[in-house]
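In the numbering used here, the protein residues as written are 293 to 656.
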Amino acid sequence: MTYETSFSQVPFVYEALPTRVVFGSGTRSALPAEVERLGIARALILHGQSHAAVHRELKQALGERYAGAFDGARMHTPVDVTETAMKRVAELNIDGIVAVGGGSTTGLAKAIALRTDLPQVVLPTTYAGSEMTPILGQTHDGIKTTQRSLKVLPEVVIYDVDLTMDLPTGLSGVSGMNAMAHAVEALYAREANPVICALALQSVRALARALPAIGADPGNRQARTDALYGAWLAGICLGSVGMALHHKLCHTLGGSFDLPHAQTHALVLPHALAYNAPAVPQVMAQLCDALGVERDAPAALQAINRAIGAPAGLAALGMPQEGITRAVERVLANPYWNPRALARDGLTQLITDAFRGAEPRTYR
Ligand code: NAD
293 MTYETSFSQV PFVYEALPTR VVFGSGTRSA LPAEVERLGI ARALILHGQS
343 HAAVHRELKQ ALGERYAGAF DGARMHTPVD VTETAMKRVA ELNIDGIVAV
393 GGGSTTGLAK AIALRTDLPQ VVLPTTYAGS EMTPILGQTH DGIKTTQRSL
443 KVLPEVVIYD VDLTMDLPTG LSGVSGMNAM AHAVEALYAR EANPVICALA
493 LQSVRALARA LPAIGADPGN RQARTDALYG AWLAGICLGS VGMALHHKLC
543 HTLGGSFDLP HAQTHALVLP HALAYNAPAV PQVMAQLCDA LGVERDAPAA
593 LQAINRAIGA PAGLAALGMP QEGITRAVER VLANPYWNPR ALARDGLTQL
643 ITDAFRGAEP RTYR
């Protein structure tokens, strides 16, 4: 009888990232203790404009350890916003950062940490996953550059399901698909390893169950808990292994046509996975299992997009039709690792399908 190991990636390297995680419902009550644990005496609270009430609550909870607030974070971490926030950091003489919001607010906290090495406590309110990564993307003069540094990895992340209950239904779905994309691409990453693959599959399972349930009933607390759990695991995947075609495409499309981050991820993912499918048959079988379908994982992801009411296609997000060729050229001009070689025809089909919101096709 032949014996096969239960995983295919040998040899592998696995590196754990040192973030402390507090997860549950009502867990933001742990903030004062976590801030004290880090020795923070003067905290700056970063929050999105939709979180003014949460800011007041956290301010009260921090008491004398509260130094001030800043609510100007914007998507893609523009450097001019960071410079304004840095003035506040200096004026208030802070020694720690508390960020409550989506990936944009977390991005600003990380940008400040890069410049100061101050400790961060992050309370995420979307499923973007940035809080679990040592990655920071910053935009200067319209050009986004990404870097990795352990300085930007938050020391503590407090996942409080309650903070996600009011995330609008449409945004919940596409933000969850943004997380799904991290988990999917981790499965065929160049640095894929059995630990991250196990987390990725667990993440896909949780998100695939939770997102349609949230689409049907945004107040479903159990589904919200699963979605946040899946998003946490997906964030670990994103922080631990390199991403491929899907993330590169979304980066290029988002930057070139100013498309919204989470929506772009949701619309591109089924098509990017369909393109890569012929190169990763084992991953496709694992994904089908995690998605609860017998075959065709890209179609299953597209079905989730429909269940969450994702926009119809990139055209509906404002991408111009002539942008398809431009995007293909930009992707080809900057080659990077992907499990399947990047071919002009295939990429054009892929982006055209995402543009139109078509069903994912079968590539050979
Ligand atoms: P976001 O933070 O911009 O939030 C989207 C919108 O939702 C905002 O208007 C925000 O105010 C609102 N919002 C957030 N939480 C809410 C809630 N609970 N209730 C009501 N409204 C709420 O978007 P995002 O998708 O979370 O993050 C996108 C940004 O994160 C991008 O800049 C992206 O590049 C970055 N990102 C970075 C990484 C990384 O590892 N560096 C990973 C993922 C995303």
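Where a beta carbon is used, it is the ideal one built from N, C-alpha and C, also for glycine.
Quantities reported herein were computed from a predicted structural model and do not represent experimental measurements.
Residues near residue i by beta carbon distance below 6 angstroms, same chain, minus five either side
| i | result |
| --- | --- |
| A473 | H538, H557 and L561 |
| L593 | L561 and P562 |
| Q613 | none |
| V453 | S317, R516, T517 and L520 |
Residues of its chain near residue i, where Cβ-Cβ distance is below 7 angstroms and the 5 sequence neighbours each way are ignored
| i | result |
| --- | --- |
| T456 | T417, R516 and L520 |
| V533 | A478, A481, E483, A484 and I488 |
| A353 | L323 and P324 |
| R636 | V620 and L624 |
| E423 | T398, V414, P416, P446, V449 and G527 |
Local Cβ density within 10 Å of residue i, reported as buried at 16 or more and exposed below that
| i | result |
| --- | --- |
| Q341 | exposed |
| I596 | buried |
| R598 | exposed |
| M611 | buried |
| D645 | buried |
| P627 | exposed |
| Q439 | exposed |
| H347 | buried |
| G531 | buried |
| S441 | exposed |
| T305 | Residue identity check: residue 305 is Val in the sequence provided, not Thr. Exposed, because fewer than 16 other Cβ atoms sit within 10 Å of the Cβ of V305. |
Cβ pair residue i, residue j closer than 8 angstroms
| i | j | result |
| --- | --- | --- |
| G649 | A591 | no |
| L410 | I386 | yes |
| P486 | F362 | no |
| T408 | V381 | yes |
| Y655 | Y567 | yes |
| G462 | I506 | no |
| K443 | A401 | no |
| Y358 | A335 | yes |
| A475 | A554 | no |
| C529 | L579 | no |
| L583 | A564 | no |
| Y419 | G388 | no |
| L559 | L606 | yes |
| V327 | V390 | yes |
| L445 | T311 | yes |
| P631 | A571 | yes |
| G421 | A377 | no |
Neighbourhood of residue i by C-beta distance below 8 angstroms, restricted to the same chain and skipping five residues each side
| i | result |
| --- | --- |
| S396 | G340, A365, R366, M367, H368 and T369 |
| E586 | C580 |
Spell out a yes or no on whether the region 316–329 and the region 499–509 are touching, meaning 3 or more CB-CB pairs, one atom from each, closer than 8 angstroms. no
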